[in-house]
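Student: Have a look at this one.
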Amino acid sequence: MTNRYKTSGANRLWRLASNHTATGLAILSTVLVIAPLVAIFIYLLYKGASSLNLAFFTQTPKPVGEPGGGMANAIVGSGLLLAVGSALGVPIGIAAGIFLAEFGRGGKVANAVRFTADVLNGVPSIVMGIAVYALIVLPQKHFSAVSGGIALGIMMIPTITRTTEEMLLMVPHAVREAALGLGVPNWRSVLSITLRTAMPGVITGCMLAFARVAGETAPLLFTAFGNQFWSASLNEPIAALPLQIYVYAISPYDEWHRLAWAGALVLILLIVVSVALVRYVTTRGVLKGAS
Amino acid sequence: MNSKIQDVRVPGPFETPSQLRETPSAPRPGEEPSAIRKHLLARGSSSVADGGFRWLMLMCACSIFAIVALIASELIARSQLTLTKFGIKFFFDTAWDPVNGNFGALPFVFGTLVSSLIALIIAVPLAVGVSIFITEMCPRALRGVLSFLTELLAAIPSVVYGLWAIFVLVPMLRERINPGLIRFLGWTGLFTEPNYGIGMLAAGVILAIMILPVISSLTREVMSAVPHSQREAVLALGATRWEMIRMGVLRNARIGIVGSIILGLGRALGETMAVTMVIGNRPEIVKNLLAPGYSMASVIANEFSEASDDMYLSALIEIGLALFIVTIIVNALARVLVWAVTRGAPPRAA
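Same order as they appear, the protein sequences are chains X and L. Each residue of the first sequence is one higher than the one before, counting from 31 in the working numbering. Each residue of the second sequence is one higher than the one before, counting from 8 in the working numbering.
Okay, here's the thing in structure tokens:
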């Protein structure tokens with residue numbers, strides 16, 4: 031909104047000058063914020079695309095000094111860890127979201143759950159890793175994929191809970207009342223009608239949590255631990271894409287650096303596609319204005 | 008649905024009143040209930056299933072409490088060795104000597120605080136500036152694109168930031184920026200040789216880039232929650248646009264903006280991977296910001312899987328416990344402040 035009236039008064043020059051300075055500073059800060067993002071993406075594309083080839087997706091890492099090799103075990107490992115994490119996090123998260131939206135509105139328990147979910151969201155991921163290490167790795171006396179998956183699953187729960195609650199609250203009351211008026215039991219109405227109506231939003235919430243957790247390394251450092259060789263077993267240490275990128279990035283070998291860039295590109299593409307999909311779904315149709 | 012319901016004719020909208028049946032009412036004692044009522048009563052009560060379902064959802068919601076309690080109890084239980092041996096002195100001792108069993112966490116606390124402070128100093132003006140631009144000054148068409156881009160910054164994983172920082176940011180700092188800092192600001196004692204590139208400043212800069220989207224998205228939300236009447240009132244009194252923003256929006260939203268800054272601080276305190284890759288891993292307290300340092304999360308990440316004895320492990324877990332408590336307090340404070348301004352609507356930070 032521009033000021034169409036002539037600014038008058040003794041200090042009008044100062045006021046106009048500060049107005050224009052503020053606009054300039056705001057534009058400058060926007061440029062300074064977007065610049066690293068663009069720089070990271072361009073550099074990632076430049077460095078990663080040149081090392082991305084079929085061998086990257088099909089081979090396991092070669093010994094140091096030999097060119098080539100890939101991160102196939104890390105990609106599969108990440109998939110397995112995320113599958114275990116989703117199996118734990120998605121049902122519990124959606125159930126907690128259903129509770130907050132359908133049964134707990136305004137109650138003390140619901141407020142406490144919401145607050146705790148937000149606080150759990152902010153706990154550093156490495157602390158989650160320590161807790162899962164103490165709970166699962168120490169008694170078992172070995173690192174395993176299942177402990178890494180559980181750590182990731184616990185991290186997904188707060189995000190999925192909050193987004194499920196928001197999406198369920200957006201389902202119009204008339205839909206619920208119509209179902210209840212026809213004699214559908216409450217539990218059936220929540221599951222088959224309210225949840226199904228909000229399903230696109232709930233799925234995008236799960237994808238958001240999935241994308242966030244896909245890039246997490248810290249909790250995997252001492253639960254899944256990483257693996258140089260092919261492993262798809264739940265009870266052994268397993269490689270993961272972000273973990274492998276970390277190990278390769280801090281190594282002194284150029285070949286490993288190259289692989290790290292390629293891995294980072296694959297990881298980023300996965301995440302950008304999920305985030306863009308979330309944006310697309312929530313700006314169209316029933317969920318317009320959700321995000 | 009059961010076909011028995013179709014036996015009862017419900018009058019349509021255009022039928023004459025004489026064809027209407029009586030309005031259905033509850034059956035008087037002794038009277039036969041209508042077909043619909045018989046059908047609905049025959050299906051039985053779903054109160055058991057409803058109660059069970061509600062209980063199941065409640066259990067899942069309470070699992071969040073259980074998770075937090077479990078994490079806290081495990082952290083406290085496993086750090087008993089150093090808790091009992093060193094007590095509170097643990098956080099004020101500077102010697103980190105795993106070989107001799109001497110553990111002091113002050114260098115890590117210092118490193119975490121200093122890198123987070125640098126990050127806040129860099130990130131807060133930029134984030135508030137971006138938020139002001141997007142909510143107040145931006146043409147409507149650009150708004151979606153810019154907010155998407157800032158949220159994309161939040162989606163980039165920490166390792167990728169660290170990878171980029173090692174190969175792009177640190178050389179840039181070492182060759183272009185640090186010499187300038189040493190020459191012009193070296194008199195403060197904060198920027199002196201030796202200049203490795205890797206160090207506290209690099210960690211602070213990459214942390215700033217990472218907490219920018221957190222602060223900016225919450226600030227945008229808080230600024231949008233200010234009612235338009237406030238803006239219009241200030242404009243009606245003849246204010247320029249900047250004065251409208253300052254007096255009408257920022258003044259009303261300042262509690263929420265403080266909350267978003269605290270949330271950004273909470274994120275910076277716990278950030279592990281990117282900081283580990285550029286902070287230099289040297290547990291020393293020096294005044295030079297260009298010198299390598301160490302942070303609480305970094306020492307856990309680096310030394311946890313190599314901790315050979317129980318005392319070492321206990322010391323690391325105690326550092327993790329301190330991180331846990333501090334981030335819980337900081338996040339709780341931030342959420343309270345933001346909720347106070349947005350009236351209980353869930354915050355949208357990624």
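The beta-carbon is built from N, C-alpha and C at its ideal position, and this holds for glycine as well.
Could you name the residues of chain X that L:P132 contacts, counting a contact when the two beta carbons are closer than 9 Å?
Tutor: Chain X residues near L:P132: L55, S59.
Student: Could you name the residues of the segment 212-245 of chain X whose beta carbon sits closer than 9 Å to any beta carbon of chain L, in the order they occur along the chain?
Tutor: Cβ contacts with chain L come from L212, G213, V214, P215, N216, W217, R218, V220, L221, L238, A241, R242, A244, G245.
Student: Please classify L:N109: does DSSP put it in a helix, a strand, or coil?
Tutor: strand
Student: Using a C-beta cutoff of 8 Å, does L:A209 count as contacting chain X?
Tutor: So, not an interface residue.
Student: Return helix, strand or coil for X:F255, following the three-state DSSP convention.
Tutor: In the three-state scheme derived from DSSP, where H, G and I count as helix and E and B as strand, X:F255 is classed as strand.
Student: Pick from X:V302, X:A104, X:Y76, X:F86: whose alpha carbon is nearest that of X:P97?
Tutor: For the residues X:V302, X:A104, X:Y76, X:F86, the minimum Cα distance to X:P97 belongs to X:F86.
Student: Buried or exposed for L:G263, please, with buried defined as at least 16 other CB atoms from any protein chain shown within 10 angstroms of its CB.
Tutor: The residue is buried, with at least 16 neighbouring Cβ atoms inside 10 Å.
Student: Taking Cβ-Cβ distances shorter than 7 Å, what residues in chain X pair up with L:D57?
Tutor: P215, N216, W217
Student: Do you know whose CA, among L:R35, L:L90, L:V285, lies nearest L:Y319's CA?
Tutor: L:L90
Student: Do you know whose CA, among X:T253, X:L273, X:Y278, lies nearest X:N265's CA?
Tutor: X:T253
Student: How big is the Cα-Cα spacing for L:S224 and L:S154?
Tutor: 8 Å
Student: Can you tell me whether L:S80 is buried or exposed, with buried defined as 16 or more other CB within 10 angstroms of its CB?
Tutor: Under this definition L:S80 is an exposed residue.
Student: Could you round the C-beta distance between L:Y168 and L:M217 to whole angstroms and report it? I think they count as a contact, below 8 Å.
Tutor: 6 Å
Student: Could you tell me whether any Cβ in chain L is nearer than 8 Å to the Cβ of X:A164?
Tutor: yes
Student: With the cut-off set at 8 Å, would you say L:S165 and L:S302 are in Cβ contact?
Tutor: no
Student: Around the C-beta of L:T195, are 16 or more other C-beta atoms found within 10 angstroms, so that it is buried, or is it exposed?
Tutor: exposed
Student: Name, going along the chain, the residues of the segment 85-104 of chain L whose beta-carbon falls closer than 9 Å to a beta-carbon of chain X.
Tutor: R85
Student: L:W346 by DSSP, collapsed to three states: which one?
Tutor: helix
Student: What span of residues does the alpha helix (DSSP H) with X:Y283 cover, start to end?
Tutor: From DSSP, X:Y283 is part of no alpha helix (DSSP H); its letter is neither H nor E.
Student: Would you list, in chain order, the members of the segment 142-158 of chain X that have their beta-carbon closer than 9 Å to a beta-carbon of chain L?
Tutor: A142, V143, R144, F145, T146, A147, D148, V149, L150, N151, G152, V153, P154, S155, I156, V157, M158
Student: Just the Cα atoms here: how many angstroms apart are L:I125 and X:E246?
Tutor: 24 Å
Student: Output the distance between the C-alpha atoms of L:I269 and L:F198, rounded to the nearest integer angstrom.
Tutor: 27 Å
Student: If you follow the alpha helix (DSSP H) that L:P220 is part of, which residue opens it and which one closes it?
Tutor: 207-231
Student: In this structure, does DSSP put L:I286 in helix, strand or coil?
Tutor: coil
Student: So which of X:A269, X:A209, X:K138 has the shortest CA-CA distance to X:S177?
Tutor: For the options X:A269, X:A209, X:K138, the alpha carbon positioned closest to that of X:S177 is the one of X:A269.
Student: Which residues share a DSSP beta bridge with L:W249?
Tutor: Partner residues in a beta bridge of L:W249, as assigned by DSSP, do not exist.
Student: Check each residue of the segment 183-202 of chain X: if its Cβ is closer than 8 Å to any Cβ of chain L, include it; give the result in chain order.
Tutor: Answer in chain order: I184, I187, P188, T191, R192, E195, E196.
Student: Can you name, in chain order, every residue of its own chain whose Cβ lies under 8 Å from the Cβ of X:T37, other than the five neighbours on each side?
Tutor: Counting only Cβ-Cβ distances below 8 Å, and skipping sequence neighbours, we find R45, L46.
Student: Tell me which residues of the segment 258-282 of chain L have at least one Cβ-Cβ distance to chain X shorter than 9 Å, keeping chain order.
Tutor: L270, G273, R274, L276, G277, E278, T279, M280
Student: Could you tell me whether the Cβ atoms of X:I122 and L:C67 are closer together than 8 Å?
Tutor: Between X:I122 and L:C67, the CB-CB gap stays under 8 Å.
Student: L:P164 CB to nearest chain X CB: under 8 Å?
Tutor: yes
Student: Short check: CB of X:G159 to CB of X:A239, under 8 Å?
Tutor: no
Student: Going by Cα to Cα distance, which pick from L:V256, L:W249, L:T247, L:P290 is closest to L:H235?
Tutor: L:V256
Student: Would you mind working out which of X:A204, X:V214, X:K138, X:I105 sits nearest L:S54, comparing C-alpha positions?
Tutor: X:V214
Student: Tell me the rounded alpha-carbon separation between X:Y310 and L:G151.
Tutor: 12 Å
Student: In chain L, which residues lie less than 8 Å from X:F252 when you measure between Cβ atoms?
Tutor: Chain L residues near X:F252: F311, S312.
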